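**Q** Before we start, here is the structure in question, set down as structure tokens.
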Amino acid sequence: MTTAPIGAAARPESSTTMLDVRNLKKVYEGRGRSVEAVRDLTFTIASGELVCIVGPSGAGKTTLLRCVAGLLDSTAGEVVLEGERVTGPPPGMAVVFQEYGRSLFPWMTVRQNVELPLKEKKVPKAERQRLVREALEAVGLADAQGAHPWQLSGGMQQRVAIARAVAYEPHLLLMDEPFAAVDAQTRADLEDLVRSLWKRLGVTVLFVTHDIDESVYLGQRVIVLSDSPTVVLEEVTIDLPDERDQLVTRSLPRFAELRAHVYELIQQAKGGHRPAS
Amino acid sequence: MTVAVTAGTPGRGRGGRRHRPLPTWALGLIGLAGLVTVVELAPRAGLVDERFLPPFSDMVSALADQAATAEFWQSLLETLRGWAIGLSIAMVAGVVLGILIGGIPLLRAAMNSTIEFLRPIPSVALIPLAVLLFGTDMRSTLLLVVYAAFWQVLVQVLYGVQDVDPVARETARSYRFRPLTQVRTVIWPTALPYMMTGFRLGAAVALILEITGELIIGSPGLGRQIAVAQTSGAVAAMYALVIVVGLIGVVVNVIARAAERRALRWHPSIRGEVPR
Ligand SMILES: Nc1ncnc2c1ncn2[C@@H]1O[C@H](COP(=O)(O)OP(=O)(O)OP(=O)(O)O)[C@@H](O)[C@H]1O
Ligand SMILES: [Mg+2]
């Protein structure tokens, strides 16, 4: 855990680097077919930041996230997390997968699902129970402890996956289009949930989405990716007030400007435009 | 055979028909009663020779006679013991090797052709070898039972390990689960339904081979009693023993299915909610 005061919107230049992605390249080698999913990505994320990665479908966002998570070997370049090169899943990291339904274990109850990583981390029992309870309360699922994931709605399952990640007390939280499959209202609630958890826990969040509005609403910074083969188009600093509100924030003129800017970037990329390197 | 057919087809034809079909179990009973009637009446009417097929009531009384002898119970025990020991060995070996081979891609690739070569060898082809090794001892039959049941279990477990959801696997990896935890919390539960199927198939095959071994090799058990009854011309007793063996098969299957239901309450095939 960071010692920085919780909620202080950390400025990248004034704090330590959490994540450093350098010239990352990933080519999937198949039988007689190779797909260059990620061409060249370089960016850094400071400790305690909430950064959104936005890019069109198929841009290689999931690929990037899996490389950062140490689940996938890169073809070239490197990922450095807290000063150490990532070669396998690093400690202190939690991932919320795009396919959250399949990421929960159906043979376990909600509670067991959330508790399992803590057991594996050898957290003492009393502490474990507290963390599980707090995490489930935070996502509003304290009553669903004994249920199995398949007895819950999609949005509830997603909140279980988030609770599991939060209870783990990671330094780095990776989220891959976590709200792609839920309705608009649930989505808005979950967005606010992520913001409030981030503020409370002081965790660094890397949030992948293909939704431009969502990225602008959530992030302190938005990294815009081109479509495949992928490069960084631009890093947009989101200078909106720190206190975000679904209605107020989204109706700010500045929100509309930022949104339009990101939209334009992606449109240009589709037209074949690449940033001068 | 007839029972399964009469029981299966009409049960599914819901809706559209005017009269409601009978429940499956009732149809099953009717089929069974029909079979019993045929077996009772055919020999009495002289349609078949009583020396080959005595009336059902004769079989029942022969069964009652059998049940009064200590030898029958001793044989029953021998058969059940041989079956249970053989199946247990096959289960443990099949599950452990299945998880090991299935969990390590390199090992799986290396073992694939070996498995495909050994698996189709019929267990009965090993009878000469078994006799050579153990004579007419119960170990001879045990060898057959283990060999036959082992492949059923192993193949199912291999399928099961293969079926582990890649996202579940990555989740386990991302939270840095140790290999043994991954086996216990991800691979084992995924493979469990397959293991259950392997158990069910293995149990049936093990029973077949247990009886075969006793019949042909002459190791102690119901199979040997069937052979003895046949050579001494006690045809009704022979049928009685065959019925007992059949009943064991039914009971084994019922138990295996019940165990499956208990262990897999979470599984889509069992939990019984409307699929999405
Ligand atoms: N295992 C794989 N083998 C081969 N190619 C792959 C594999 N996974 C992804 N790809 C390819 O890499 C490219 C990027 O895929 P990726 O899943 O990273 O996109 P994404 O940005 O996450 O898309 P979405 O928004 O739809 O989730 C795609 O062209 C895809 O076909
Ligand atoms: Mg994706």
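Chains as they are written, first to last, in the working numbering: chain A, 1238 to 1514; chain B, 445 to 720. Quick reminder that beta carbons are idealized off the backbone N, C-alpha and C, glycines included. Note that this is a predicted model, so its numbers are computed, not measured.
(1) Looking only at its chain, what residues have a beta carbon closer than 7 angstroms to the beta carbon of residue 647 of chain B, apart from the 5 residues adjacent to it on each side?
(2) Going along the chain, which residues of its own chain have a beta-carbon closer than 6 angstroms to the beta-carbon of residue 1416 of chain A, five neighbours each way excluded?
(3) Can you find a heavy atom of ligand 2 that lies under 6 angstroms from the Cβ of residue 1299 of chain A?
(4) Per DSSP, which one or two residues make a beta bridge with residue 1271 of chain A?
(5) Less than 6 angstroms separating the Cβ of residue 1295 of chain A from some heavy atom of ligand 1?
(6) Could you tell me the alpha carbon to alpha carbon distance between residue 687 of chain B and residue 524 of chain B, rounded to whole angstroms?
(7) Residue 1393 of chain A versus chain B: which residues are under 7 angstroms apart at the beta carbon?
(8) Is the distance from the Cβ of residue 545 of chain B to the Cβ of residue 535 of chain B below 7 angstroms?
(9) For my contact list, residue 571 of chain B and residue 661 of chain B are in at a C-beta cut-off of 8 angstroms; report their separation, rounded to the angstrom.
(10) Count the other C-beta atoms from every protein chain shown that fall within 10 angstroms of the C-beta of residue 1368 of chain A, then say buried if there are 16 or more, exposed otherwise.
(11) Straight-line CA distance for residue 1378 of chain A to residue 585 of chain B?
(12) Give the residues from the region 1398 to 1417 of chain A that approach chain B closer than 8 angstroms (Cβ to any Cβ), ordered along the chain.
(13) Measure the C-alpha to C-alpha separation of residue 619 of chain B and residue 1349 of chain A and round it to an integer number of angstroms.
(14) Where residue 507 of chain B and residue 679 of chain B are concerned, what is the direct C-alpha to C-alpha distance, given to the nearest angstrom?
(15) Residue range of the beta strand (DSSP E) that residue 1315 of chain A falls in?
(16) Can you grab the Cα-Cα spacing for the pair residue 1318 of chain A / residue 653 of chain B, in whole Å?
(17) So is residue 718 of chain B in contact with chain A if we call contact Cβ pairs under 7 angstroms?
(18) For the region 1340 to 1356 of chain A, which residues have a beta carbon sitting closer than 7 angstroms to at least one beta carbon of chain B?
(19) Which residues in the same chain have their Cβ closer than 6 angstroms to the Cβ of residue 1467 of chain A, if we skip the five residues on either side of it in sequence?
(20) Taking the alpha-carbon of residue 1386 of chain A as reference, which of A/1433, A/1373 and A/1341 has the nearest alpha-carbon?
(21) Would you decide whether residue 649 of chain B is buried or exposed? Buried here means 16 or more other CB atoms lie within 10 Å of its CB.
(22) Comparing the CB of residue 1188 of chain A with every heavy atom of ligand 2, is any distance shorter than 6 angstroms?
(23) Residues of the region 1305 to 1318 of chain A in Cβ contact with chain B at a cutoff of 7 angstroms, in chain order, please.
(24) Is there a C-beta anywhere in chain A that falls below 7 angstroms from the one on residue 446 of chain B?
(25) Taking contact to mean at least 3 C-beta pairs separated by less than 8 angstroms, is the region 1299 to 1313 of chain A in contact with the region 608 to 619 of chain B?
(26) Using 6 angstroms as the cut-off, classify the Cβ of residue 1515 of chain A as near or not near the heavy atoms of ligand 1, replying yes or no.
(27) Taking the runs of the alpha helix (DSSP H) that are 4 residues or longer, which of them lie wholly in the region 1281 to 1314 of chain A?
(28) In chain order, which beta strand (DSSP E) runs of at least 3 residues are fully inside the region 1318 to 1379 of chain A?
(29) Helix or strand or just coil, what does DSSP make of residue 1451 of chain A?
**A** Per the coordinate set shown:
(1) Here residue 647 of chain B corresponds to residue number 203 of the second sequence, with the count starting at 1. Once the five neighbours on either side are set aside, the close Cβ partners of residue 647 of chain B are 531, 696 and 700.
(2) By one-based count along the first sequence, residue 1416 of chain A stands at place 179. These residues qualify, in order along the chain: 1424 and 1427.
(3) Working through the first sequence from its first residue, we reach residue 1299 of chain A at position 62. Result yes, Cβ under 6 angstroms from ligand 2.
(4) Taking the first sequence and counting its residues from 1, one reaches residue 1271 of chain A at position 34. BP columns for residue 1271 of chain A point to A/1266.
(5) Taking the first residue of the first sequence as 1, we reach residue 1295 of chain A at position 58. True, at least one ligand heavy atom lies under 6 angstroms from that Cβ.
(6) Reading the second sequence from its first residue, position 243 is the one you call residue 687 of chain B. Reading the second sequence from its first residue, position 80 is the one you call residue 524 of chain B. Roughly 15 angstroms between the two C-alpha positions.
(7) Position 156 of the first sequence, counted from the first residue, corresponds to residue 1393 of chain A. Ordered by position in chain B, no residue passes the 7 angstroms Cβ test against residue 1393 of chain A, which lies about 14 angstroms from the chain.
(8) Taking the first residue of the second sequence as position 1, residue 545 of chain B is located at position 101. Taking the first residue of the second sequence as position 1, residue 535 of chain B is located at position 91. No, they are not a contact pair.
(9) On the second sequence, position 127 is the one that residue 571 of chain B refers to. On the second sequence, position 217 is the one that residue 661 of chain B refers to. That belief holds up - the Cβ atoms of residue 571 of chain B and residue 661 of chain B are roughly 6 angstroms apart, short of 8 angstroms.
(10) Residue mapping note: residue 1368 of chain A aligns to position 131 of the first sequence, counting from 1. Burial of residue 1368 of chain A is indicated by the presence of at least 16 other C-beta atoms within 10 angstroms of its C-beta.
(11) In the first sequence, the residue the question calls residue 1378 of chain A occupies position 141. In the second sequence, the residue the question calls residue 585 of chain B occupies position 141. Answer to the nearest angstrom: the Cα atoms are 56 angstroms apart.
(12) Within the region 1398 to 1417 of chain A, 1405 place their CB atoms closer than 8 angstroms to a CB of chain B, listed in sequence order.
(13) Within the second sequence, the letter at position 175 stands for residue 619 of chain B. Within the first sequence, the letter at position 112 stands for residue 1349 of chain A. In a straight line, the C-alpha of residue 619 of chain B is about 14 angstroms away from that of residue 1349 of chain A.
(14) Start at 1 with the first residue of the second sequence, and residue 507 of chain B comes out as number 63. Start at 1 with the first residue of the second sequence, and residue 679 of chain B comes out as number 235. For residue 507 of chain B and residue 679 of chain B, the distance between alpha carbons rounds to 11 angstroms.
(15) By 1-based counting over the first sequence, the position of residue 1315 of chain A is 78. It spans 1313 to 1318 - the beta strand (DSSP E) in which residue 1315 of chain A sits, taken as one unbroken run.
(16) Position 81 of the first sequence, counting from 1, holds the residue named residue 1318 of chain A. Position 209 of the second sequence, counting from 1, holds the residue named residue 653 of chain B. In a straight line, the C-alpha of residue 1318 of chain A is about 59 angstroms away from that of residue 653 of chain B.
(17) Within the second sequence, numbered from 1, the residue matching residue 718 of chain B stands at position 274. Any reading at residue 718 of chain B needs caution, since the residue's pLDDT is 45, under 50, leaving its predicted position unreliable; the model's value is listed next. Taking Cβ atoms only, chain A never reaches closer than 7 angstroms to residue 718 of chain B, which makes this a no.
(18) 1340, 1342, 1343, 1344, 1353 and 1354
(19) Along the first sequence, one-based indexing puts residue 1467 of chain A at 230. Within the same chain, residue 1467 of chain A has close Cβ partners 1275, 1276, 1296 and 1297.
(20) Translated into positions along the first sequence, residue 1386 of chain A becomes position 149. It is A/1341.
(21) The residue you call residue 649 of chain B lines up with position 205 of the second sequence. By the neighbour-count rule (16 or more Cβ atoms within 10 Å), residue 649 of chain B is buried.
(22) Past the edges of chain A, shown from 1238 to 1514, lies residue 1188 of chain A, and the structure says nothing about it.
(23) Within the region 1305 to 1318 of chain A, the residues whose Cβ lies closer than 7 angstroms to some Cβ of chain B are 1306 and 1308, listed in chain order.
(24) Sequence index remark: in the second sequence, residue 446 of chain B carries index 2 (1-based). Residue placement at residue 446 of chain B cannot be trusted, given a pLDDT of 39 that sits under 50; what the coordinates show is reported in the next sentence. Taking Cβ atoms only, chain A never reaches closer than 7 angstroms to residue 446 of chain B, which makes this a no.
(25) yes
(26) Lying before the first or after the last residue shown, residue 1515 of chain A is absent from chain A, which here runs from 1238 to 1514.
(27) 1298 to 1305
(28) 1330 to 1333
(29) Position 214 of the first sequence, counted from the first residue, corresponds to residue 1451 of chain A. In the three-state DSSP reduction, residue 1451 of chain A falls in the helix class (H, G or I).
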